[in-house]
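Protein chains in written order, with the working numbering: chain A, -11 to 214; chain B, -11 to 214; chain C, -11 to 214; chain D, -11 to 214; chain E, -11 to 214; chain F, -11 to 214. Report on the following structure.
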């Protein structure tokens, strides 16, 4: 079973939005995984074949325990019964304690689509009579990570100590970031721009660099850890 | 220095609103304190003298490391420069890491007054040139606890294991809860009614009983503890 | 025509979330109905056949004027044109003044699915040229009831006087609540846990037990009734 | 005892913001009052002496059971202990069930000042040991009415049937509305402009004209009245 | 390329909700267009054939540079991959800088459906590898206009100077507004009622009549223009 | 009369939070001013005398048309009638069209104190009978700038082109930023850290660096400028 699983609508989303945190966890010995929902085949640059290799490299750099591919159609990720059953089956197979999903405010339809899809899948995964293979599994916490929209985070994670590994993991997606600038997120300046974001959250958390997460419901915590 | 300090506008507010959590922390070896802001002299029942003794009993039951009295006027707790300097001096003296304060949505003017007062005091306590005795001190986290309004909590704390101690700590305030029912909060049914509240938050946190807290800004957390 | 109609994604949802209010209304002579959207066939315990009988018993206990079954697939309740036409046809047939629907914040996909579905159906029911049988009907008010998420209610209803009837109506769903605890909502402790919730809202409304409802838009009211 | 009391920072505020509702209630036999907090002596037009007579006329037109003047300084209405004690004493004297106060979002400092002041006074009025003359009194409901800011109402009241009386009550404040236009609210077009507002809320409530109110906490209601 | 494009779920929605602003822009020489998403064939009055002619008249009155019809099914406008591809192709063809869409809070399912559909289409239109004809196009700004729900606008536009043209454009939809009153929006009083709304927003913007728009994300502006 | 006036609780707040925008406006020929509310005498570093000279240098670098000092007590800036009259008199004297004020969510009591103070002063400045010298003046727009809290901006301003001037203006406050790091905002890294913030907002506005502002009410805009 995984400690943390991060859903990535496209192959590089998890590295960009939650990579520092995932690396910190992996370095601390936690079992961390990324599930890519699509192969990113609609992306302007790169091919699915090349991206598979890039993902493998990034996984190695990050120290992931698991990396999977759900094979949904890029650009059409949404909450359907069929996709939810596939996602639920994967949740049952890898059994994550914490699930990290894209934010519903993201502009990209695959991002908010993945958010909505994850809600149905999390429910199905725990339902004994769902037509989903494997043993029922209940995810303990769901956290939302930041894509391309401003969010109102409830949690910040200090990622200063993993800056270099994080940059390397992103740049492993060479087909996306070594070529021409296609958009605000597909650009050779990706690390510099996302580091500015981490610097912003760091300012608010009184550390140098931080990643931001949002929990939609109150989190049960151990007060001694605060 | 204290690990946690809870501000109580009146002598029994901390026990009622955050008592279970404070007890859990004390039992785990943390240094926990309560600062009463007033003597509750406007309360229909009890006298300041009697309430001092009740507070001492409750402190013992809860295992507090410190209990103080700021001596503001009951019914007139608000954000003034003078009160803020007194509160800041106490913060410097007891040096809490986590500060727990009443919620700004509470109906009682002393509760939202205490909330606003605490913001100024927290700032003054860390300012080197403030006219406040003692060494500057920066509180790491501020959490809001629930009084008599519905809140939107960010954190829940499981308090099932300390139900009996918690009830005893509240009932130590005998002048308030052994007599006639004066209001929704000054009533012999206080434990039963506040336990319903804990049962409600428990339902949402998937435990039996929980206390709810709200953080106004994103909390820097160790992801391994989630 | 019904005065109130409550939509239940699964056979026991209305009793659990809005039962006290529905009973109060029925006892006051109002015509009250429940429409089950699915047979709850994905539930771990109980069979559709058994549950039909349990529903009949609960209806009798509550004093319902009408109870119906829409026959959607459990676990797949969502906003589709087809389901909306079926629901709209039922709305035209039973013609409720007040419609009570699940909350969009509920975790269960069938609950937020039912919420979204109800918006389309309410619209279709009033449209003369919709391909829906029966005479057009306009619902006057839509209220949301609480499922398994924290809500921000606009209305509270005192349900102290119907506690026993309410408990009996829930426990009529014997297949769900007489067996093992399956989840936080499918458990023999259901009445105790939901009563804690009513106690919480009661604390805020200054009564013993209350049910909470949310209106998404401003309610036209008779000021004399306030 | 009054059924409804409306707080007016300046002599004509209640008529403009909540007049239709107050008239409807008075016509239905309810005891309705207005408490002016200041004499409006900072207003560009009119003198306190003239305005007293205008207020008396408006009261007659509206059918008020009571109209009072608290005598605070125009332009300096805020939450102070002294003003709160005076307001609390009046609340104890007239004993309203429903209290209607200005909205905290209003631009005018006297309006949001009155809102904050009312919270302290409502609390003091019910406190047995407060240094306030008269018997303790608990207000049952507090509603906010609209001044010069956009609000998010929870309640709408149909005021189509009292349009003429309402216009007459406003225009009784002749010193304000018969002269030159001083501002958006002190203008001969006052009725026309506020009627547009009522038309807007009417559109949302599916009536011709409505006044809007906001409740800050969930309202305990009789479901039969919905 | 168009400067502004407004999406209308039904033929007259743009005129009613954003007409004044569109007319102001057209009169100032901007290229303004309306895209009708459906023919309004479910409307109680009028036929698609008649409405085509009415639309042409309204376009002439408003001074539109372009008016199109997407041909989706009235009553079934929602976010589907197929509809999004068609809308994206139109966005590529007419290449608007500012896109104005219905509000997600509107009661009418076609309105919030159009909102959700537009998010996917805006994304597809800019994606090089989307299966959409034409050159990729990025919309610069998306604004939401008001339908039948209360909104919280971020922008107001003064429309006093175009009142007569605006009324004429609405009344060009003769089949809807010259007959019997069908609903709050299909009524001969449409201009009077929507003018009340403009009067309301005008009150808040300190002009006579204004239309209200909401931007979901922060707008990049030239500070000199403020 | 000034086009823009920015209120700075302490001498360097305007440069840090809104400097880029103020510089852009000054370079475009607008008349821009800064009003310091206090001399920053509670700051750990620097003396009021030294800071006067630093302010003069920064004003020159930014191209300000006016820079003033209100002389309130550092650490005690709050909404009092006396301070409001002084601020109102200055508003009447310099007559700004746009007023930029600190954000109410800022942690520093002088920041949210300045926000609340400005609301009263803006009102007094326009009131003919206020006991304030000078001719009445109405501010057209009030914008909030970011201090040390996360905000939800409505407007972004591109400040890439003035990066060097902006850095020079901040560093002119040598006593604050050339010495030891005192806090997150009093640190030699100030430019680097605030540039990260601008980079964050830039990411959201699709430019390199942006400053963020919040308007509390809908802004009347010229649609042609969008």
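Where is the CB? At the ideal position from N, CA and C, for every residue including glycine.
* Report yes or no: do three or more beta-carbon pairs, one from the region 25 to 45 of chain E and one from the region -4 to 15 of chain E, lie closer than 8 Å? => Judged by Cβ distances under 8 Å, the region 25 to 45 of chain E makes contact with the region -4 to 15 of chain E, as three or more pairs qualify.
* To do: Please list the partners that residue 142 of chain C has in chain D, where partner means a Cβ-to-Cβ separation under 8 Å.
  => For this step, residue 142 of chain C is matched to residue 154 along the third chain. Simply 142, 203, 206, 207.
* Three-state secondary structure (DSSP) of residue 22 of chain D -> The residue given as residue 22 of chain D occupies position 34 in the fourth chain. Under the three-state reduction of DSSP output, residue 22 of chain D falls in the strand class.
* To do: Count the other C-beta atoms from every protein chain shown that fall within 10 angstroms of the C-beta of residue 176 of chain D, then say buried if there are 16 or more, exposed otherwise.
  => In the fourth chain, counting from the first residue as 1, residue 176 of chain D sits at position 188. By the 16-neighbour rule on beta-carbons within 10 angstroms, residue 176 of chain D is exposed.
* Consult DSSP for residue 103 of chain A and reduce its assignment to one of helix, strand or coil. => Position 115 of the first chain, counted from the start, is the residue given in the question as residue 103 of chain A. The three-state secondary structure of residue 103 of chain A, taken from DSSP, is helix.
* Spatial neighbours of residue 123 of chain D within its chain, please: CB distance less than 7 Å, with the 5 preceding and 5 following residues excluded, ordered by chain position. => In the fourth chain, residue 123 of chain D corresponds to position 135, counting from 1. So the qualifying residues of the chain are 80.
* Asked: What residues in the region 86 to 111 of chain A bring their beta carbon closer than 7 Å to a beta carbon of chain C?
  -> Residues passing the 7 Å Cβ filter: 107, 108, 111.
* Mind pulling the beta strand (DSSP E) runs of 3 or more residues that sit fully within the region 96 to 158 of chain F? -> Runs found: 129 to 133, 143 to 146.
* **For residue 219 of chain B, the nearest candidate out of B/92, B/106, B/82 (CA to CA)** => One cannot answer for residue 219 of chain B here, as it falls past the ends of chain B, which runs -11 to 214.
* To do: Please compile the residues from chain B whose C-beta is within a distance smaller than 9 Å of the C-beta of residue 152 of chain F.
  => Your numbering for residue 152 of chain F matches position 164 in the sixth chain. Correct list: empty, because the minimum Cβ distance to chain B is about 32 Å.
* Span separating the alpha-carbon of residue 209 of chain D from that of residue 144 of chain C -> Against the fourth chain, residue 209 of chain D aligns to sequence position 221. Against the third chain, residue 144 of chain C aligns to sequence position 156. The C-alpha of residue 144 of chain C is placed about 6 Å away from the C-alpha of residue 209 of chain D.
* Asked: In this structure, what does DSSP give as the bridge partners for residue -5 of chain D?
  -> Working through the fourth chain from its first residue, we reach residue -5 of chain D at position 7. Partner residues in the beta bridge of residue -5 of chain D, as assigned by DSSP, are D/23.
* To do: Please state whether DSSP places residue 196 of chain B in a helix, a strand or coil.
  => On the second chain, residue 196 of chain B is found 208 positions in, with the first residue counted as 1. It is coil, neither helix nor strand.
* **Extent of the continuous beta strand (DSSP E) run through residue 60 of chain F** => Within the sixth chain, residue 60 of chain F is the residue found at index 72, counting from 1. Bounds of the beta strand (DSSP E) holding residue 60 of chain F are 54 to 60.
* Please look up how many angstroms separate the CB atoms of residue 160 of chain A and residue 29 of chain A, rounded, as I've assumed it's under 8 Å. => Within the first chain, numbered from 1, the residue matching residue 160 of chain A stands at position 172. Within the first chain, numbered from 1, the residue matching residue 29 of chain A stands at position 41. About 19 Å separates the two Cβ atoms, so there is no contact after all.
* To do: Mark residue 163 of chain C as exposed unless 16 or more other C-beta atoms lie within 10 angstroms of its C-beta, in which case mark it buried.
  => The sequence position of residue 163 of chain C within the third chain is 175, counting from 1. Result: buried.
* Going by the C-beta, is residue 6 of chain D closer than 8 Å to any heavy atom of the ligand SAH? -> For the ligand SAH, the structure offers nothing, since it holds no ligand at all.
* Continuous beta strand (DSSP E) stretch holding residue 87 of chain F: start and end -> For the purposes of this step, residue 87 of chain F is taken as the residue at position 99 of the sixth chain. Per DSSP, the unbroken beta strand (DSSP E) holding residue 87 of chain F starts and ends at 86 to 90.
* Round the Cβ separation of residue 189 of chain D and residue 86 of chain D to the nearest angstrom and send it over; I've been treating them as touching at under 8 Å. => Walking along the fourth chain from the start, residue 189 of chain D turns up at place 201. Walking along the fourth chain from the start, residue 86 of chain D turns up at place 98. Rounded, the Cβ-Cβ distance is 19 Å, inconsistent with contact.
* At a Cβ cut of 7 Å, what residues of the region -2 to 18 of chain D count as close to chain C, listed as they run along the chain? -> For the region -2 to 18 of chain D, the set of residues with a beta-carbon nearer than 7 Å to any beta-carbon of chain C comprises 9, 12, 13, 16, 18, in chain order.
* To do: Taking a Cβ distance cut-off of 8 Å, strictly less, list which residues of the region 28 to 53 of chain A are near chain E, in chain order.
  => Listed in sequence order: 29, 30, 31, 32.
* Asked: When you compare each of B/74, B/138, B/135, B/141 to residue 110 of chain B by their alpha carbons, which one comes out closest?
  -> Looking up residue 110 of chain B in the second chain gives position 122. The shortest Cα separation from residue 110 of chain B among B/74, B/138, B/135, B/141 belongs to B/74.
* **Within chain C, the residues that residue 117 of chain A reaches when beta carbons sit closer than 8 Å** => Position 129 of the first chain, counted from the first residue, corresponds to residue 117 of chain A. Chain C residues near residue 117 of chain A: 29, 30, 31, 32.
* Neighbouring residues, chain D, relative to residue 69 of chain F (Cβ below 7 Å) -> Against the sixth chain, residue 69 of chain F aligns to sequence position 81. In chain order, 64 make up the part of chain D whose C-beta sits under 7 Å from the C-beta of residue 69 of chain F.
* Name the two residues that bound the continuous alpha helix (DSSP H) containing residue 205 of chain D. => In the fourth chain, the residue the question calls residue 205 of chain D occupies position 217. Segment: none, residue 205 of chain D is in no alpha helix (DSSP H) and carries neither H nor E.
* Opening and closing residue of the alpha helix (DSSP H) in which residue 239 of chain D lies -> Examination of residue 239 of chain D is not possible in this model, given that chain D is present from -11 through 214 alone.
* Can a CB atom of chain A be found closer than 9 Å to the CB of residue 170 of chain C? -> Here residue 170 of chain C refers to the residue found at position 182 when the third chain is read from its first residue. It does; some Cβ of chain A falls within 9 Å.
* Looking at the C-beta of residue 156 of chain F, does it have a partner C-beta in chain B at a distance below 9 Å? -> Working through the sixth chain from its first residue, we reach residue 156 of chain F at position 168. Answer no: the Cβ-Cβ gap between residue 156 of chain F and chain B never drops below 9 Å.
* Asked: What is the rounded straight-line gap between the Cα of residue 213 of chain A and the Cα of residue 130 of chain B?
  -> In the first chain, residue 213 of chain A corresponds to position 225, counting from 1. In the second chain, residue 130 of chain B corresponds to position 142, counting from 1. Note on geometry: alpha-carbon atoms of residue 213 of chain A and residue 130 of chain B lie some 14 Å from one another.
* If we ignore side chains and look at the alpha-carbon of each, how far apart do residue 193 of chain B and residue 206 of chain A end up? -> Translated into positions along the second chain, residue 193 of chain B becomes position 205. Translated into positions along the first chain, residue 206 of chain A becomes position 218. Cα-Cα distance, rounded: 7 Å.
* With 9 Å as the threshold, decide whether the Cβ of residue 72 of chain E is near any Cβ in chain C. => Here the question's residue 72 of chain E lines up with position 84 in the fifth chain. For residue 72 of chain E, the answer is no, since every Cβ of chain C falls outside 9 Å of its Cβ.
* Asked: What distance in whole Å lies between the Cβ atoms of residue 8 of chain C and residue 199 of chain C, which are believed to be in contact at a cut-off of 8 Å?
  -> Here residue 199 of chain C refers to the residue found at position 211 of the third chain. Here residue 8 of chain C refers to the residue found at position 20 of the third chain. The pair is a contact, with the Cβ atoms about 5 Å apart (cut-off 8 Å).
* Asked: Would you say residue -4 of chain C reaches chain A, if we count a Cβ-Cβ gap shorter than 9 Å as a contact?
  -> Counted from its first residue, the third chain places residue -4 of chain C at position 8. No, residue -4 of chain C lies away from the interface with chain A (no Cβ there is under 9 Å from its Cβ).
* First and last residue of the uninterrupted alpha helix (DSSP H) at residue 70 of chain E -> By one-based count along the fifth chain, residue 70 of chain E stands at place 82. 69 to 82 is the extent of the alpha helix (DSSP H) around residue 70 of chain E.
* Hey, would you say residue -10 of chain E sits closer than 9 Å to residue 21 of chain E, going by beta carbons? -> Looking up residue -10 of chain E in the fifth chain gives position 2. Looking up residue 21 of chain E in the fifth chain gives position 33. With a cutoff of 9 Å on beta-carbon distance, residue -10 of chain E and residue 21 of chain E are scored as near each other.
* To do: Kindly say whether residue 137 of chain B, judged by its beta-carbon, lies nearer than 9 Å to any beta-carbon of chain D.
  => On the second chain, residue 137 of chain B is found 149 positions in, with the first residue counted as 1. Closer than 9 Å to some Cβ of chain D, the Cβ of residue 137 of chain B qualifies, so yes.
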